[in-house]
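Chains as they are written, first to last, in my numbering: chain A, 2 to 325; chain B, 796 to 1322. Working notes, structure below.
Below you can see the structure in the form of structure tokens.
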């Protein structure tokens, strides 16, 4: 009993750790698509952020400077995407894909050039990493059954970026649904002509949405290389950007369902790690690759079968041209 | 009746309303590449009047108004508002100058409520809630002053078109506009909704606003305007007081020659039924019924017109009849032979071979391929005819010769089979499609919106060809959103509302009011 309970707590704990970058990226994608710009470059921006954070943190021995660098680099790529797609009406999928491919090669190349290491950055330690924080009161609560272990394992012990994410997400949702900027953002993704005729610049709105998208992806990237791991590794995003995009679609471009979808995917991922090496009666040990594929298989099945009528923002993916 | 104080104040400064000009355009010139859209246009619109602008498609009306609203910049010329020159670089400037515009395609966000649409771009608070609360009070005041009632919290997507248009007008009033431009506002309305709109326009005028009405429907000009400016080929050809002109005179000014507004035709001599439809039910992609238990018959030598507001199942009916869409129930017979039954949608190609011609309502989506040259468009759907094909390859020379023939017969201009289809004007594209279908000599022709986006001269031509076809003993099923067109062409009229036929009458006994009520779903036998 006690052991199962602890196992569940550890699973939830792992879910939170895995979900953090997914949530940030999914919200980044939501902001972009709500403004009418499809961004499959979430992956690339996260990876660029991860590299920038790890490189700067290694040199400066400061995780916070690394985070700043990640945000700046990720926002620069977001601006590049906006320049191609908003200013020049380029194809949004092509531009996003180009950024993904560029970053996938650029990171490891710069790692060789700057650090002489093959595709990785130096291992981070000390102030170069965001480490788990023990929240106050965990000692004091520890003896209490149920609450004690839940507090210690699930609530406490995460790094600062996890708590930062938990604070940011409601703010983003509030921004989209309750503010003037949010109203215009949602309008420009549905009918940019309406926004233009109301005397508001479509391009300026979309640029701002992309900047916010880059900001969120930057944090997600820094989390991966300076909090979750201790350095940059080639392809360390491992499709999380696409997974986030899938979670956002599964969540129908709405904050709360998107959070739920991210947690579901993250849970599948946490479960996958636990299941590795487990021997099933009658089948034997399942190959680790099959287990690792579980979250992605889940994505495909959910997107194919259970999304229902997901209605995307009407103008999403369509460059705004004044006259039709 | 008290006008809202904030709006009355700026208007009060310009005394002597009759002489004051709300908007003046002086020497406005605009070219798009080789196309000279506006040539030295001078126009003066008196404050507090309803001013009509008429002209054929492509006459430059919309371009001119888009310049006034800041969508385009004029190459040269000047805009004056209340006598003072203003620079209008974008819609924001236009709004600031007191100019508002109701566009042909509504500029509304479907997923927003009426109130949210109203404040979009005019919100001055960081929190939306505050702007909404302020707007709600103002909306009630505007609604009271102008008699424009709209539920403020309804989603725009769920409102009927007539109400959506009101939201557009409210948006403009909310921004305090003095001059309101409406671009073809009645294209999507029933006759009753049109009457309502005209009442609103008169009310706006009574409250001191200036209204500019762009249209190509002359009866509307006669019904509601005080003065008219006529445009042709990008230039103003004249300005007349509505009271001192006639439809015939306006039409002549628009086209530059005398035009027959009424198609001349002899009474129909209907023969055997060519198409009979029994109990047809068609559902859309979301399994919602779009056509419900519909029965009709079209005989040889007659034109059956389907009247109705767009979106009441006409599109789905035609698509089912030409085999583009399956249907759930009913039977369709072509020349007495059952061609379709049950779920399957039959092969459109086979139907063509059985003698069914189709002029699609959405020309650009289904009628032509804009990237093809005219000769290729002219054989679309008949490309497998051995007449244009060798053993393995198609015979380009024959395709081009065929197209030349069609172009000559239907007066398509320019008569160049190698020109890209998209480079022809709407009217000439339509003539090409009609030529393609009619030249095949089908027993039954299904025609959707034959003159949408087509200028008056070409309309006259197309109408004559359809009547000729009828006189040659062919059956024609005509769907049109233009009631005038149905009344002019059809021998018999059925009215569709929400997928059903709600009324049928010979054209000789039809009157606009009765059809209008039926189009709105009001049947008189209920009363």
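All C-beta atoms, glycine included, are put in the ideal place defined by N, C-alpha and C.
Using the Cα positions of residue 810 of chain B and residue 928 of chain B, report the straight-line distance between them to the nearest angstrom. One-based indexing of the second chain puts residue 810 of chain B at position 15. One-based indexing of the second chain puts residue 928 of chain B at position 133. With a pLDDT of only 40 at residue 810 of chain B, under 50, the local geometry of the prediction cannot be trusted, and the value read off the model is given with reservation. Roughly 35 Å separates the two Cα atoms.
DSSP has residue 1184 of chain B in a bridge; who is on the other side? Residue 1184 of chain B sits at position 389 when you count from the first residue of the second chain. For residue 1184 of chain B, which the question treats as bridged, DSSP gives the partners B:1189.
Is the Cβ-Cβ distance between residue 1111 of chain B and residue 1244 of chain B less than 9 Å? Here residue 1111 of chain B corresponds to residue number 316 of the second chain, with the count starting at 1. Here residue 1244 of chain B corresponds to residue number 449 of the second chain, with the count starting at 1. No, they are not a contact pair.
Take the Cβ of residue 1178 of chain B as the centre, count every other Cβ of all protein chains shown within 10 Å, and call the residue buried at 16 or more, exposed below. Against the second chain, residue 1178 of chain B aligns to sequence position 383. Exposed: under 16 other Cβ atoms inside 10 Å.
Taking only beta-carbon positions, decide if residue 250 of chain A is within less than 9 Å of chain B. Taking the first chain and counting its residues from 1, the one referred to as residue 250 of chain A is at position 249. It does not; no Cβ of chain B falls within 9 Å.
Distance between beta carbons of residue 1281 of chain B and residue 1288 of chain B, contact taken as under 8 Å: Here residue 1288 of chain B refers to the residue found at position 493 when the second chain is read from its first residue. Here residue 1281 of chain B refers to the residue found at position 486 when the second chain is read from its first residue. Going by Cβ atoms, the distance from residue 1288 of chain B to residue 1281 of chain B rounds to 6 Å, so yes, they are a contact pair.
Can you look up residue 1107 of chain B in the DSSP assignment and give me helix, strand or coil? For the purposes of this step, residue 1107 of chain B is taken as residue 312 along the second chain, with counting starting at 1. Residue 1107 of chain B: coil per DSSP, three-state reduction.
When B:917, B:971, B:978, B:905 are compared against residue 1327 of chain B, the one with the closest alpha-carbon: Because chain B here runs from 796 to 1322, residue 1327 of chain B falls outside it and cannot be looked at.
Contact check, residue 875 of chain B vs residue 881 of chain B under 8 Å by CB: the rounded distance? On the second chain, residue 875 of chain B is found 80 positions in, with the first residue counted as 1. On the second chain, residue 881 of chain B is found 86 positions in, with the first residue counted as 1. Going by Cβ atoms, the distance from residue 875 of chain B to residue 881 of chain B rounds to 7 Å, so yes, they are a contact pair.
Is residue 966 of chain B close to chain A? Criterion is C-beta to C-beta, closer than 9 Å. Counting from 1 along the second chain, the entry for residue 966 of chain B is found at position 171. At least one chain A Cβ lies under 9 Å of residue 966 of chain B.
So residue 948 of chain B contacts chain A; which residues on that side make the cut at Cβ distance below 8 Å? Locating residue 948 of chain B in the second chain gives position 153, where the first residue counts as 1. Chain A residues near residue 948 of chain B: none, gap ~15 Å exceeds 8 Å.
Just checking: is the beta-carbon of residue 213 of chain A within a distance shorter than 9 Å of some beta-carbon in chain B? Stepping through the first chain from its first residue, residue 213 of chain A is reached at position 212. Chain B, which has no Cβ nearer than 9 Å to the Cβ of residue 213 of chain A, makes this no.
From what residue to what residue does the alpha helix (DSSP H) around residue 101 of chain A run? Residue 101 of chain A sits at position 100 when you count from the first residue of the first chain. Element bounds for residue 101 of chain A: 93–116.
Evaluate residue 1083 of chain B with the Cβ neighbour count: other Cβ atoms within 10 Å of its Cβ, from every protein chain shown; 16 or more gives buried, anything less gives exposed. For the purposes of this step, residue 1083 of chain B is taken as residue 288 along the second chain, with counting starting at 1. Residue 1083 of chain B should be labelled exposed.
Can you grab the Cα-Cα spacing for the pair residue 1 of chain A / residue 44 of chain A, in whole Å? The structure shown has nothing for residue 1 of chain A, since chain A only spans 2 to 325.
Which residue wins for smallest C-alpha separation from residue 1154 of chain B, given the options B:1088, B:1231, B:1200? Working through the second chain from its first residue, we reach residue 1154 of chain B at position 359. The option with the nearest alpha carbon to residue 1154 of chain B is B:1231.
Using a 10 Å radius around the Cβ and a threshold of 16 neighbouring Cβ atoms, would you call residue 6 of chain A buried or exposed? Your numbering for residue 6 of chain A matches position 5 in the first chain. Under this definition residue 6 of chain A is an exposed residue.
Quick check on the DSSP output: what are the complete beta strand (DSSP E) runs of length 3 or more inside the segment 958–1045 of chain B, in order along the chain? 974–978, 1005–1010, 1022–1027, 1030–1036
Start-to-end residues for the beta strand (DSSP E) that takes in residue 902 of chain B: Your numbering for residue 902 of chain B matches position 107 in the second chain. It is not in any beta strand (DSSP E) - residue 902 of chain B carries neither H nor E in the DSSP assignment.
Counting only beta-carbon separations shorter than 9 Å, does residue 270 of chain A have a partner in chain B? In the first chain, the residue the question calls residue 270 of chain A occupies position 269. No, residue 270 of chain A does not count as interfacial toward chain B.
Hey, how far is the Cα of residue 312 of chain A from the Cα of residue 36 of chain A? The residue labelled residue 312 of chain A in the question sits at position 311 within the first chain. The residue labelled residue 36 of chain A in the question sits at position 35 within the first chain. Looking at the two C-alpha atoms, the distance is approximately 14 Å.
Listed from N- to C-terminal order along the chain, which residues in the segment 905–919 of chain B have their beta-carbon within a distance smaller than 9 Å of any beta-carbon of chain A? 905, 906, 907, 911, 912, 914, 915, 916, 917, 918, 919
Count the other C-beta atoms from every protein chain shown that fall within 10 angstroms of the C-beta of residue 894 of chain B, then say buried if there are 16 or more, exposed otherwise. Residue numbering aside, residue 894 of chain B sits at position 99 when the second chain is read from its first letter. When all chains shown are included, residue 894 of chain B counts as buried.
Would a check of beta-carbon distances place residue 813 of chain B closer than 9 Å to chain A? Working through the second chain from its first residue, we reach residue 813 of chain B at position 18. Residue confidence is low: residue 813 of chain B scores 46 on pLDDT, short of 50, so the model does not pin down where it sits. No coordinate-derived value is stated.
Please report the straight-line C-alpha distance between residue 984 of chain B and residue 1181 of chain B, rounded to a whole angstrom. Translated into positions along the second chain, residue 984 of chain B becomes position 189. Translated into positions along the second chain, residue 1181 of chain B becomes position 386. Their backbone Cα atoms lie some 46 Å apart in a straight line.
Are the C-beta of residue 926 of chain B and some C-beta of chain A separated by less than 9 Å? Here the question's residue 926 of chain B lines up with position 131 in the second chain. For residue 926 of chain B, the answer is yes, since a Cβ of chain A falls inside 9 Å of its Cβ.
From B:898, B:878, B:862, pick the residue whose C-alpha is nearest to that of residue 884 of chain B; which is it? In the second chain, the residue the question calls residue 884 of chain B occupies position 89. Considering only alpha carbons, the answer is B:862.
If we cut at 9 Å on Cβ distances, does residue 186 of chain A have a partner in chain B? Position 185 of the first chain, counted from the start, is the residue given in the question as residue 186 of chain A. Taking Cβ atoms only, chain B never reaches closer than 9 Å to residue 186 of chain A, which makes this a no.
What does the alpha-carbon distance come out to for the pair residue 315 of chain A and residue 38 of chain A? For the purposes of this step, residue 315 of chain A is taken as residue 314 along the first chain, with counting starting at 1. For the purposes of this step, residue 38 of chain A is taken as residue 37 along the first chain, with counting starting at 1. Cα-Cα distance, rounded: 11 Å.
Extent of the continuous alpha helix (DSSP H) run through residue 912 of chain B: What you label residue 912 of chain B is simply residue 117 of the second chain in a count that begins at 1. Note, residue 912 of chain B: alpha helix (DSSP H), 909–914.
Answer yes or no: does any C-beta atom of chain B fall closer than 9 Å to that of residue 195 of chain A? Numbered from its first residue, the first chain carries residue 195 of chain A at position 194. Chain B contact via Cβ: present.
Taking Cβ-Cβ distances below 7 Å as the criterion, which residues of the segment 818–832 of chain B are in contact with chain A? none
Output the distance between the C-alpha atoms of residue 961 of chain B and residue 943 of chain B, rounded to the nearest integer angstrom. The residue given as residue 961 of chain B occupies position 166 in the second chain. The residue given as residue 943 of chain B occupies position 148 in the second chain. Roughly 7 Å between the two C-alpha positions.
Using a beta-carbon distance cut-off of less than 9 Å, what residues from the segment 173–184 of chain A approach chain B? 178, 179, 180, 181, 182, 183, 184
Applying the criterion that 16 or more other CB atoms from any shown protein chain within 10 Å of the CB defines a buried residue, is residue 921 of chain B buried or exposed? Taking the first residue of the second chain as 1, we reach residue 921 of chain B at position 126. Its Cβ having fewer than 16 others within 10 Å, residue 921 of chain B is exposed.
Using the rule of at least 16 other Cβ atoms within 10 Å of the residue's Cβ for burial, across every protein chain shown, is residue 1138 of chain B buried or exposed? Within the second chain, the letter at position 343 stands for residue 1138 of chain B. Residue placement at residue 1138 of chain B is flagged as unreliable, the pLDDT there being 45, under the threshold of 50; a coordinate-derived value is accordingly withheld.
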